[in-house]
Amino acid sequence: MRIEPKTGNTVAESGCFRAAPVIQPDGTCVKPGMMGFVSAAVTGAATPHCCPATPPRHVRLVRWPVFAFNAVMQDSSSPAAEAASSLDDLLLAVGRRRDRAAFAALFERVAPRLKAFLRRQGCDAGQAEELVQEVMLVVWRRAELFDPARATATTWIFTVARNRRLDALRRESRPEIDPGDPMLVPDPVEWADHRLETAQSAGRLRAALDDLPPEQADLVRLAYFEDKPHTTIAAERGLPLGTVKSRVRLALERLRKVLREPS
Amino acid sequence: MSLPTHHPGDALLMDYASGSLGEGPALVVASHAALCPGCRCAVAEMEAVGGALLESIEPDPLSPGCLDRLLARLDEDGPEPPPPVRRPPAPQRRAAADGPLLPEPLRSYIGGCPDALRWRPMLPGIRVAEIPLTVGSARLIRIAGGTGVPQHSHDGVELAMVLQGGFSDAFGHYLRGDVAVGDDTIDHRPLADPEGCLCLSVTMGTLRLTGPVGRFLNPFLRL
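Residue numbers (numbering that gives the first Met the number 0), protein chains in the order written: chain A, 0 to 262; chain B, 0 to 222.
Written as structure tokens, this is what we have:
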């Protein structure tokens with residue numbers, strides 16, 4: 000993948016492919032373009048069960064609306080323009096131009112949600128605000144590594160916050176997938192050029208989360224907000240592990256379905 | 000190269016993506032994902048679930064001045080952001096051409112060369128090396144060709160990922176990249192392939208030997 004200098008468009012080169020967006024333990028995101036090229040052996044390989052043989056149907060070619068992005072670039076100094084900008088645009092402006100106004104606008108929109116998220120995860124107000132600042136500092140430093148072709152800005156910031164929280168509260172390192180690892184088995188070539196998450200699919204995902212049956216929504220809430228792996232949930236709820244696993248599977252089937260709908 | 004056919008499963012992948020999984024099992028899941036594009040894709044989808052939850056939560060306003068304090072910290076931070084930390088490339092010092100190729104993040108934990116670890120015999124044909132983690136530990140297990148691990152079940156959950164060679168149990172044949180998930184519902188007796196097996200293993204909970212010999216050995220094993 001390369002960035003087209005004039006437009007800022009991401010353009011995939013033939014034979015190149017993407018990996019999942021990966022946030023390193025220090026909060027860095029490694030661009031999938033570092034991955035290298037597809038080998039013949041891999042392109043012919045079977046696809047595992049948990050992902051479709053063809054890319055999810057919702058994914059589409061990465062073709063950024065040039066005019067929209069340029070308009071944001073020109074007007075980014077005016078507060079009104081920033082209020083109208085998408086979070087992706089703001090994060091891109093921070094990454095590409097170290098744009099402090101865009102960063103401030105991003106902070107205003109994301110930080111209160113980050114604080115609420117961290118408080119739900121058990122932080123007190125002071126602790127949450129301190130962590131929010133640390134997370135946003137990592138966002139400032141690493142914004143240039145944000146790749147909108149792989150995730151929305153909110154998802155990228157979620158992964159930064161997740162890793163900072165593990166580091167700060169659990170004092171644990173997070174073993175991260177490294178897309179630059181020469182040992183990594185690359186994505187099948189037919190997945191190249193596809194977006195995993197778009198603004199539209201993110202909206203549908205939020206709606207689908209609201210519609211989950213209570214027993215499935217409960218598991219998602221416990222995992223993401225209360226830091227509880229499914230084994231702990233099974234023990235605490237007095238449920239057989241198999242029941243918890245099948246509820247998680249049902250919930251994720253519903254969520255994946257909306258992620259993979261065509262936009 | 001064939002892709003893995005035994006996967007950690009949705010529940011563990013969600014635990015990993017949400018951040019609720021402990022470091023040991025997360026090491027197994029991430030190392031498996033390095034060899035499994037499908038599970039990488041699934042993790043990315045579950046991170047999108049995290050993003051959607053963050054987006055839909057009711058905002059909690061920050062105290063006044065928080066943004067100004069942060070902007071002041073940006074100034075201290077200097078104009079040039081530090082370059083992303085890159086891990087060293089795959090080690091070139093593999094002793095033998097047929098040595099195990101360790102994926103990240105496992106390679107960073109053990110330095111790329113399993114032979115350099117301290118191995119201790121556990122049972123005839125089975126040797127174990129501890130991998131220290133920030134919290135707790137994981138293990139590499141080497142099983143000689145044709146050796147069976149005593150029949151056992153688990154109070155918690157055992158994750159075993161094949162790095163080299165393979166093994167079989169009642170549930171199938173496990174090769175490089177495959178993850179066997181053993182929990183309290185499973186009583187199994189893995190048997191190593193003729194060429195032997197190198198596994199990364201993490202136990203969440205206590206391992207219980209259940210066979211006639213295994214039950215006797217139970218107090219002596221620290222698996």
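Every residue, glycine too, gets a C-beta built ideally from N, C-alpha and C.
**Request:** Taking a Cβ distance cut-off of 9 Å, strictly less, list which residues of the stretch 146–171 of chain A are near chain B, in chain order.
**Result:** From the stretch 146–171 of chain A, only ARG149, ALA150, THR151, ALA152, THR153, THR154, TRP155, ILE156, PHE157, THR158, ALA160, ARG161, ASN162, ARG164, LEU165, ARG169, ARG170 and GLU171 have a Cβ closer than 9 Å to chain B.
**Asked** Which chain A residues are close to B:MET13, counting only those with a beta carbon under 7 Å from its beta carbon?
**Response** Contact note: B:MET13 reaches chain A through ALA222, VAL247 and LEU251, using a C-beta cutoff of 7 Å and chain order.
**Prompt:** Per DSSP, which one or two residues make a beta bridge with B:PHE166?
**Reply:** Answer by DSSP bridge pairing, in chain order: B:TYR173 and B:ALA191.
**Message:** If you measure between the beta carbons of A:ALA160 and A:LEU90, is that distance less than 7 Å?
**Reply:** Not a contact, by the Cβ cut-off of 7 Å.
**Request:** Within the same chain, show all residues whose beta-carbon is closer than 7 Å to that of A:LEU165, passing over the 5 residues directly before and after it, in chain order.
**Result:** If we look at A:LEU165 and ignore the five residues flanking it on each side, its Cβ neighbours are GLU171 and ARG173.
**Prompt:** Would you say A:LEU183 reaches chain B, if we count a Cβ-Cβ gap shorter than 7 Å as a contact?
**Reply:** Closer than 7 Å to some Cβ of chain B, the Cβ of A:LEU183 qualifies, so yes.
**Request:** Classify A:GLY32 as helix, strand or coil using the three-state DSSP reduction.
**Result:** Reliability fails at A:GLY32, whose pLDDT of 35 lies under 50, so the model's placement of it is uncertain and no value is given.
**CB of A:VAL109 within 7 Å of CB of A:PHE102, strictly** = Cβ atoms of A:VAL109 and A:PHE102: not closer than 7 Å.
**Residues of its chain near A:LEU130, where Cβ-Cβ distance is below 7 Å and the 5 sequence neighbours each way are ignored** = Closer than 7 Å at the Cβ level, and outside the excluded window around A:LEU130, lie LEU117, CYS122, ARG163, ARG164 and ALA167.
**Prompt:** From B:GLU157, B:ALA47, B:ARG117 and B:MET160, pick the residue whose C-alpha is nearest to that of A:ARG259; which is it?
**Reply:** Comparing Cα-Cα distances from A:ARG259 to each of B:GLU157, B:ALA47, B:ARG117 and B:MET160, the minimum goes to B:ALA47.
**Message:** Closer than 8 Å is the cut-off here; do at least three beta carbon pairs connect the stretch 196–204 of chain B with the stretch 154–167 of chain B?
**Reply:** With the cut-off at 8 Å, the stretch 196–204 of chain B and the stretch 154–167 of chain B touch.
**Item:** DSSP three-state assignment for A:MET182, whether helix, strand or coil
**Value:** In the structure shown, A:MET182 falls within a coil segment according to DSSP collapsed to helix, strand and coil.
**Request:** Establish whether the CB of B:ILE56 and some CB of chain A are separated by less than 7 Å.
**Result:** With its beta carbon less than 7 Å from one in chain A, B:ILE56 belongs to the interface.
**Request:** Quick one: list the residues of chain A neighbouring B:ASP168, beta-carbon separation under 8 Å, in chain order.
**Result:** Those within 8 Å of B:ASP168 in chain A number zero; the least Cβ separation is about 18 Å.
**Message:** With a threshold of 7 Å between beta-carbons, can B:VAL162 be considered close to chain A, or not?
**Reply:** Note that residue 162 of chain B is Leu in the sequence shown, not Val. Not flagged as an interface residue toward chain A: B:LEU162, since no C-beta distance is shorter than 7 Å.
**Prompt:** For the alpha helix (DSSP H) that contains B:GLU129, what are its first and last residues?
**Reply:** From DSSP, B:GLU129 is part of no alpha helix (DSSP H) but of the beta strand (DSSP E) over 125–131.
**Prompt:** Who pairs with B:ILE142 in a beta bridge, going by DSSP?
**Reply:** Partner(s): B:ILE125 and B:CYS196.
**Request:** For B:THR133, go through chain A and note every residue whose CB falls closer than 8 Å to its CB, in chain order.
**Result:** Simply ARG170, GLU171 and SER172.
**Request:** For chain B, find out if any of its Cβ atoms is closer than 7 Å to the Cβ of A:ALA115; answer yes or no.
**Result:** The beta-carbon of A:ALA115 is placed less than 7 Å from the nearest beta-carbon of chain B.
**Request:** Take A:PRO147 and list the residues in its own chain whose beta-carbon comes closer than 6 Å to its own, dropping the five residues that flank it on each side.
**Result:** Contacts found: ASP87.
**Request:** Spatial neighbours of A:VAL243 within its chain, please: CB distance less than 6 Å, with the 5 preceding and 5 following residues excluded, ordered by chain position.
**Result:** Taken in chain order, the residues that qualify are HIS229, ILE232 and ALA233.
**Request:** For A:ALA104, name the three-state secondary structure that DSSP assigns.
**Result:** A:ALA104 falls in the helix class under three-state DSSP.
**Prompt:** For the beta strand (DSSP E) that contains B:ALA179, what are its first and last residues?
**Reply:** Unbroken beta strand (DSSP E) run through B:ALA179: 178–181.
**Message:** Check this for me: beta carbons of B:ALA137 and B:LEU26, under 7 Å apart or not?
**Reply:** Cβ atoms of B:ALA137 and B:LEU26: closer than 7 Å.
**Item:** Integer Cβ distance of B:GLN163 from B:LEU199, believed to fall under 8 Å
**Value:** Not a contact, Cβ separation roughly 10 Å.
**Request:** Tell me where the alpha helix (DSSP H) around B:ILE56 begins and ends.
**Result:** Here B:ILE56 belongs to no alpha helix (DSSP H), and DSSP marks it neither H nor E.
**Asked** Between B:GLU22 and chain A, is there a C-beta pair that is closer than 7 Å?
**Response** Judged by the 7 Å Cβ criterion, B:GLU22 is in contact with chain A.
**Request:** Please list the partners that B:SER17 has in chain A, where partner means a Cβ-to-Cβ separation under 7 Å.
**Result:** In chain order: ALA222 and TYR223.
**Item:** Cβ shell of B:ILE140 (< 6 Å), same chain only, five flanking positions each side left out
**Value:** These residues qualify, in order along the chain: VAL127, CYS198 and SER200.
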